[in-house]
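The numbering of the sequence shown is our numbering, which starts it at 1 and goes up by one.
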Amino acid sequence: MRTTVETFLNQQPEWVYFVTGLIIVLGLITTFILIGRAAMKYTEKIDKELGFQKIQQDLHDTKYQAAIHKDISLQTIHALRNAERFLKQLQQARRYSVQSEENLQTYENLIIRIVHALSSDIKFQPGEQHRSSVWIEESGQLVYFTGSNAFDDRDGNQVLPMDETIAGRCFRKKEIQLVPDVSDDVDGMPKHHNGYGAILCLPLSEWGVLTVDAHRAFQEEVMYICRLYARVIDLAFFEYSQMINDGYITQQFNVRE
Numbered sequence: 001m002r003t004t005v006e007t008f009l010n011q012q013p014e015w016v017y018f019v020t021g022l023i024i025v026l027g028l029i030t031t032f033i034l035i036g037r038a039a040m041k042y043t044e045k046i047d048k049e050l051g052f053q054k055i056q057q058d059l060h061d062t063k064y065q066a067a068i069h070k071d072i073s074l075q076t077i078h079a080l081r082n083a084e085r086f087l088k089q090l091q092q093a094r095r096y097s098v099q100s101e102e103n104l105q106t107y108e109n110l111i112i113r114i115v116h117a118l119s120s121d122i123k124f125q126p127g128e129q130h131r132s133s134v135w136i137e138e139s140g141q142l143v144y145f146t147g148s149n150a151f152d153d154r155d156g157n158q159v160l161p162m163d164e165t166i167a168g169r170c171f172r173k174k175e176i177q178l179v180p181d182v183s184d185d186v187d188g189m190p191k192h193h194n195g196y197g198a199i200l201c202l203p204l205s206e207w208g209v210l211t212v213d214a215h216r217a218f219q220e221e222v223m224y225i226c227r228l229y230a231r232v233i234d235l236a237f238f239e240y241s242q243m244i245n246d247g248y249i250t251q252q253f254n255v256r257e
């Protein structure tokens, strides 16, 4: 059989080999072209699918960001309405102001309501927890005045020294102190923050300091709301102080202690 094939091939003219080789080469080229086109179509299909997935992901991210901004807007509007309500209550208290213990209690209750509202009005995301409190300067130290429900003053934290505390530094410098991580601050004292990692301190004129604690760094919107509430508290303390002398304030702190 092998001899027969060799004899047959030897009898063929040279052009047969040329044509046969040419056909084989053309066949290989055609095969490579077809494989390449199939690969390109497959690649284009994958690219389209990946592009569609990317568009879907971008759309999802856009919707998510839009939902966040909507929540922030609604929460900010809610906080502004609360601030407006507190200002109206303050105006009413001034209008019917009489120098009596009952009216002093009105201002004090207003300050307490503002502090309690603040901790919830700056909650922009589910699961966020904040605590807010007001500290009054008394005898060279900051004395606890009132705080939100999350603030526990039963652990001996009713007095803060002016030195080596962020709140004290805020009062001394009369400047807002924003600390994203209390463990990195020289006056941080993390053990006194009960797991809250960030703190915002706002001075209340010569009266004291408003402190706001959070588990993570504050959003920009939170700072503006806290500054607004601090000003309302400041006004309430101004009216509060106009009706009493320093001896009455000292007496109230002594009663609390």
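We put the CB at the ideal spot given by N, CA and C, even for glycine. Values in this document were obtained by computation on a predicted structure and should not be read as measured data.
Per-residue burial, residue i [other beta carbons within 10 Å of its own, 16 or more giving buried]
i	result
Thr-146	buried
Arg-154	Reliability of the predicted coordinates at Arg-154 is poor, the pLDDT of 49 falling under 50, and no value is obtained from them.
Arg-169	buried
Tyr-107	buried
Gln-105	exposed
Phe-237	buried
Leu-90	buried
Gln-56	exposed
Gly-140	exposed
Leu-142	buried
Gly-36	exposed
Whole-angstrom C-beta distance between residue j and residue i, which should lie under 8 Å
i	j	result
Leu-228	Ala-83	5 Å
Arg-131	Ser-148	5 Å
Run of the alpha helix (DSSP H) containing residue i, from where it starts to where it stops
i	result
Val-186	Per DSSP, Val-186 belongs to no alpha helix (DSSP H) and is neither H nor E.
Ser-241	220-243
Gly-168	166-173
Given residue i as reference, the closest of the options once Cα atoms are compared
i	options	result
Ala-198	Gln-177, Gln-92, Ser-205	Gln-177
Ile-77	Leu-59, Ile-122, Glu-44, Glu-239	Ile-122
Gln-158	Val-134, Thr-30, Glu-175, Phe-171	Val-134
Val-222	Met-243, Ala-167, Ala-79	Ala-79
Phe-218	Glu-164, Gln-125, Tyr-144, Ile-136	Gln-125
Glu-128	Asp-213, Thr-165, Glu-206, Ser-205	Asp-213
Asp-184	Ile-166, Glu-175, Lys-173	Ile-166
Ala-150	Asp-61, Glu-137, Gly-195	Gly-195
Pro-203	Ser-241, Asp-163, Glu-137, His-215	Glu-137
Ser-205	Cys-226, Arg-216, Gly-188, Glu-175	Glu-175
Residue-level contact to chain C via CB, residue i, 9 Å cutoff
i	result
Val-115	Among the chains in the structure shown there is no chain C, since it carries only a single protein chain.
Residue range of the beta strand (DSSP E) that includes residue i
i	result
His-130	130-138
Asp-213	208-214
Ala-198	198-204
Phe-145	141-147
Gln-177	177-179
Worksheet item: Quick check: the stretch 102-115 against the stretch 228-238, are there 3 or more CB pairs under 8 Å?
Response: Yes, they touch.
Practice prompt. Count the CB pairs spanning the stretch 164-180 and the stretch 85-92 that are closer than 8 Å, and state whether there are at least three.
Written response: Cβ pair count under 8 Å is below three, so no.
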